[in-house]
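Residue numbers (the numbering used here), protein chains in the order written: chain A, 11 to 183; chain B, 11 to 183; chain C, 11 to 183; chain D, 11 to 183. Built from N, CA and C at the ideal position, the CB exists for glycine as well.
There are 4 protein chains.
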Amino acid sequence: MMRYSHRVLPDLMTLRILATGGTFDKHYDEIEGRLGFDACHLPQALRRARITLPVVLEELPLLDSLDMHDADRQRILASCLRADEPAIVVVHGTDTMKETAAVLAAAQLPKTIVLTGAMIPYEMEHSDALFNLGFACGIAQALPAGVYLAMNGRIFAWDNVRKNRAAGLFETA
Amino acid sequence: MMRYSHRVLPDLMTLRILATGGTFDKHYDEIEGRLGFDACHLPQALRRARITLPVVLEELPLLDSLDMHDADRQRILASCLRADEPAIVVVHGTDTMKETAAVLAAAQLPKTIVLTGAMIPYEMEHSDALFNLGFACGIAQALPAGVYLAMNGRIFAWDNVRKNRAAGLFETA
Amino acid sequence: MMRYSHRVLPDLMTLRILATGGTFDKHYDEIEGRLGFDACHLPQALRRARITLPVVLEELPLLDSLDMHDADRQRILASCLRADEPAIVVVHGTDTMKETAAVLAAAQLPKTIVLTGAMIPYEMEHSDALFNLGFACGIAQALPAGVYLAMNGRIFAWDNVRKNRAAGLFETA
Amino acid sequence: MMRYSHRVLPDLMTLRILATGGTFDKHYDEIEGRLGFDACHLPQALRRARITLPVVLEELPLLDSLDMHDADRQRILASCLRADEPAIVVVHGTDTMKETAAVLAAAQLPKTIVLTGAMIPYEMEHSDALFNLGFACGIAQALPAGVYLAMNGRIFAWDNVRKNRAAGLFETA
Numbered sequence: 011m012m013r014y015s016h017r018v019l020p021d022l023m024t025l026r027i028l029a030t031g032g033t034f035d036k037h038y039d040e041i042e043g044r045l046g047f048d049a050c051h052l053p054q055a056l057r058r059a060r061i062t063l064p065v066v067l068e069e070l071p072l073l074d075s076l077d078m079h080d081a082d083r084q085r086i087l088a089s090c091l092r093a094d095e096p097a098i099v100v101v102h103g104t105d106t107m108k109e110t111a112a113v114l115a116a117a118q119l120p121k122t123i124v125l126t127g128a129m130i131p132y133e134m135e136h137s138d139a140l141f142n143l144g145f146a147c148g149i150a151q152a153l154p155a156g157v158y159l160a161m162n163g164r165i166f167a168w169d170n171v172r173k174n175r176a177a178g179l180f181e182t183a
Numbered sequence: 011m012m013r014y015s016h017r018v019l020p021d022l023m024t025l026r027i028l029a030t031g032g033t034f035d036k037h038y039d040e041i042e043g044r045l046g047f048d049a050c051h052l053p054q055a056l057r058r059a060r061i062t063l064p065v066v067l068e069e070l071p072l073l074d075s076l077d078m079h080d081a082d083r084q085r086i087l088a089s090c091l092r093a094d095e096p097a098i099v100v101v102h103g104t105d106t107m108k109e110t111a112a113v114l115a116a117a118q119l120p121k122t123i124v125l126t127g128a129m130i131p132y133e134m135e136h137s138d139a140l141f142n143l144g145f146a147c148g149i150a151q152a153l154p155a156g157v158y159l160a161m162n163g164r165i166f167a168w169d170n171v172r173k174n175r176a177a178g179l180f181e182t183a
Numbered sequence: 011m012m013r014y015s016h017r018v019l020p021d022l023m024t025l026r027i028l029a030t031g032g033t034f035d036k037h038y039d040e041i042e043g044r045l046g047f048d049a050c051h052l053p054q055a056l057r058r059a060r061i062t063l064p065v066v067l068e069e070l071p072l073l074d075s076l077d078m079h080d081a082d083r084q085r086i087l088a089s090c091l092r093a094d095e096p097a098i099v100v101v102h103g104t105d106t107m108k109e110t111a112a113v114l115a116a117a118q119l120p121k122t123i124v125l126t127g128a129m130i131p132y133e134m135e136h137s138d139a140l141f142n143l144g145f146a147c148g149i150a151q152a153l154p155a156g157v158y159l160a161m162n163g164r165i166f167a168w169d170n171v172r173k174n175r176a177a178g179l180f181e182t183a
Numbered sequence: 011m012m013r014y015s016h017r018v019l020p021d022l023m024t025l026r027i028l029a030t031g032g033t034f035d036k037h038y039d040e041i042e043g044r045l046g047f048d049a050c051h052l053p054q055a056l057r058r059a060r061i062t063l064p065v066v067l068e069e070l071p072l073l074d075s076l077d078m079h080d081a082d083r084q085r086i087l088a089s090c091l092r093a094d095e096p097a098i099v100v101v102h103g104t105d106t107m108k109e110t111a112a113v114l115a116a117a118q119l120p121k122t123i124v125l126t127g128a129m130i131p132y133e134m135e136h137s138d139a140l141f142n143l144g145f146a147c148g149i150a151q152a153l154p155a156g157v158y159l160a161m162n163g164r165i166f167a168w169d170n171v172r173k174n175r176a177a178g179l180f181e182t183a
């Protein structure tokens with residue numbers, strides 16, 4: 011109870027959001043006729059969310075998480091290490107979200123880090139992206155330090171989650 | 011730390027969502043040419059969110075919160091009292107969200123109750139409704155028992171918040 | 011056949027679009043909590059349509075067509091008179107579209123003038139606005155001089171149409 | 011003038027819409043993480059358009075137009091031949107729209123056939139699909155018999171058009 015009172019109520023939490031790509035940020039390229047990356051959708055999503063919380067948006071290279079290598083995960087870790095904010099949301103591809111979470115967890119940072127993403131791109135109707143972003147921004151302010159995955163309206167511990175690719179959803183491992 | 015571990019990680023939380031109307035659920039009536047209420051948008055929003063968490067959606071009369079009387083707030087309280095779930099999200103109009111929160115807080119229920127809503131109806135482009143719903147569903151699972159308002163990406167204690175109507179946002183009182 | 015060949019194929023038609031308001035352009039004002047007018051949605055709609063046709067967009071005062079007086083219709087007529095383009099689309103409220111059409115028809119201009127609008131505002135999901143705009147932009151290039159109403163996927167002669175307000179659709183008179 | 015009066019005003023035109031796939035109907039498959047075809051979007055688009063015109067929607071196999079072979083174009087031609095309606099809109103991929111138009115034109119049917127499509131899928135924000143559908147449905151009712159392409163707000167004769175793939179737009183040949 012004290013922790014909560016200390017963390018959320020008296021001081022306005024500041025939040026860092028790291029954009030790393032993934033389905034959340036996929037964009038339809040009408041010249042090529044396929045999905046890729048162009049401008050990050052998070053500035054638009056955050057305006058739409060009417061957020062008054064102090065938020066720092068840091069845009070890393072936007073990648074399909076199947077194309078991420080260890081150097082890409084180290085770059086995400088470096089951003090978390092440098093961050094002044096106690097709460098970080100990482101917008102990430104779903105396919106290797108768990109692998110990045112493991113890298114971040116190994117560093118044992120005294121921060122609350124929440125990885126989220128989307129099954130349907132932000133710019134498509136019926137996308138889950140905006141819900142997931144809100145979900146992650148909420149729990150990043152409310153949970154104690156640690157690394158979590160936030161998908162399907164559920165909070166997962168980083169070491170007890172897997173993506174069920176056939177069903178397209180996350181479940182405990 | 012123990013509380014959190016107990017509440018979120020081992021057991022899958024169940025969540026109740028109470029629909030009470032408000033801007034979130036306003037619908038454009040093309041015959042009358044004005045905004046009112048028709049079918050609740052939450053079933054559509056929850057499908058879109060791809061939630062696998064056990065969620066009970068309870069639809070109360072959909073009202074503009076300026077039209078709510080004490081009986082309407084008592085009905086919301088009665089639903090919270092009856093609920094088996096430890097976490098409740100109340101989708102509510104923004105204008106009297108604080109008044110309903112005070113009624114719910116006075117009951118001192120051992121539940122986490124989060125009121126949220128929207129400044130722009132769910133069915134309009136650029137609506138904040140889906141973000142706010144995700145935000146509230148996240149913190150309802152992560153915060154200790156109490157009554158909170160969740161708007162503008164911020165978590166407010168029920169007794170330290172006000173709507174700034176001129177600016178269209180919530181701030182501490 | 012000659013007329014068609016003359017009008018459409020050899021020379022690229024230019025098109026004037028007159029924005030006059032109506033449900034098409036209604037905007038949700040989140041401070042007031044009601045629908046009104048703010049910026050015109052036609053620049054956004056025309057970008058989205060990826061139009062390469064030379065189009066002149068002329069924005070007149072945006073009004074609910076129930077609030078239009080004779081002076082407002084005379085202003086629309088004056089714009090049609092001044093226009094260099096042989097084809098004009100007038101985006102207009104549905105309630106008095108027929109009255110404005112009668113004023114324009116009385117002038118017997120050697121132009122093709124098509125009035126259209128929307129039953130659901132452009133900025134709402136499931137809006138008919140973009141379909142109607144495309145429909146009107148097409149027939150304005152293809153029909154001979156005259157005044158037409160274009161709603162519900164149908165082309166109406168200006169003097170043989172009425173809005174069935176109970177059903178929310180247009181039909182022959 | 012007589013032709014127009016005969017075709018549009020006294021009798022309510024009936025319209026056939028042939029769905030053949032293309033970008034218009036591409037759907038994001040969240041399990042595979044790529045665009046393909048699932049249910050046709052035209053029933054949803056036509057409801058949204060609030061069409062009261064008698065429309066027959068015929069769904070042919072949904073294909074990327076780069077995957078169309080001569081048999082596919084013959085199937086589209088056969089549908090046009092069988093159709094009772096004097097006006098036909100063919101929703102088609104943009105890459106080989108011109109090739110299909112040539113097959114249809116060679117048959118010299120006494121019908122108005124308009125091919126259209128989209129550069130951005132219907133289900134994505136900022137899609138041109140609904141505008142193009144409206145545009146095509148309008149000119150199909152207004153133009154004399156012949157085969158036309160309708161894209162970018164322009165009406166093209168089937169034998170004087172090409173897709174500029176680098177720019178992602180249609181222009182005269």
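Minimum Cβ-Cβ distance from residue i to chain A less than 8 angstroms
i	result
B/THR106	no
B/LEU67	no
D/GLU133	yes
Option nearest residue i by Cα separation, candidates the options
i	options	result
B/PHE47	B/ARG57, B/LEU28, B/ARG83, B/ASP74	B/ASP74
B/ILE123	B/CYS90, B/ARG60, B/LEU45	B/CYS90
D/MET134	A/GLY43, A/MET23, A/GLY31	A/GLY43
A/GLY31	A/ASN170, A/PRO131, A/LEU87, A/ALA117	A/PRO131
A/ALA139	A/ARG26, A/LYS36, A/MET78, A/ALA81	A/LYS36
D/MET23	D/LEU63, D/CYS50, D/ALA29	D/LEU63
A/ALA10	A/MET129, A/PRO154, A/LEU153, A/GLN151	Because chain A in this structure spans residues 11 to 183, residue 10 of chain A falls outside the shown range and cannot be described.
D/ASN142	C/GLN54, C/LEU45, C/GLN84, C/ILE61	C/ILE61
Contact under 8 angstroms by Cβ, residue i with residue j
i	j	result
C/LEU72	C/VAL65	no
C/HIS102	C/LEU119	no
A/LEU76	A/THR106	yes
B/GLU95	B/ARG172	no
A/GLY178	D/GLU40	yes
C/GLN151	C/ALA115	no
D/VAL99	D/CYS50	no
B/ILE86	B/THR104	no
C/ALA88	C/LYS121	no
Neighbour flag for residue i against chain B, beta carbons, 8 angstroms
i	result
A/GLN118	no
A/GLY127	no
A/ILE149	yes
C/LEU45	yes
A/ALA146	yes
A/THR62	yes
A/LEU143	yes
Cut-off 6 angstroms between Cβ atoms - residues of its own chain near residue i, not counting five sequence neighbours on either side
i	result
C/GLU181	ASN174
Proximal residues to residue i (C-beta, below 7 angstroms), its chain only, five neighbours per side dropped
i	result
A/ALA112	TRP168
B/ILE165	ILE149, TYR158
B/LEU1	The shown model of chain B, from 11 to 183, leaves out residue 1 of chain B, and the question about it has no answer.
D/SER137	ALA128, ILE130, PRO131
A/ASN170	THR182, ALA183
Same chain, Cβ closer than 8 angstroms to residue i, neighbours up to 5 away in sequence not counted
i	result
C/ASP145	Asp is not the amino acid found at residue 145 of chain C; the sequence shown has Phe there. Closer than 8 angstroms at Cβ, skipping near neighbours: THR126, ALA160, GLY163.
D/ARG58	LEU140
C/LYS108	LEU159, TRP168, VAL171, ARG172, LYS173
D/ALA117	LEU87, CYS90, LEU91
Short CB-CB distance (under 8 angstroms) between residue i and chain D
i	result
C/ASP138	yes
A/THR24	no
C/ARG172	no
C/LEU114	no
C/ALA160	yes
Chain G contact residues for residue i, given Cβ-Cβ distances below 7 angstroms
i	result
D/GLU40	Although the question refers to chain G, the structure presented lacks it and instead comprises the protein chains A, B, C and D.
Residue-level contact to chain C via CB, residue i, 8 angstroms cutoff
i	result
B/THR33	yes
D/ALA59	yes
Which ranges would you report for the alpha helix (DSSP H) in the region 89-150 of chain D if only whole runs of at least 4 residues count? Within the region 89-150 of chain D, the complete alpha helix (DSSP H) segments of 4 residues or longer fall at 107-116, listed in chain order.
4-residue-minimum alpha helix (DSSP H) runs that sit fully inside the region 22-99 of chain D, ordered along the chain: 52-58, 80-92
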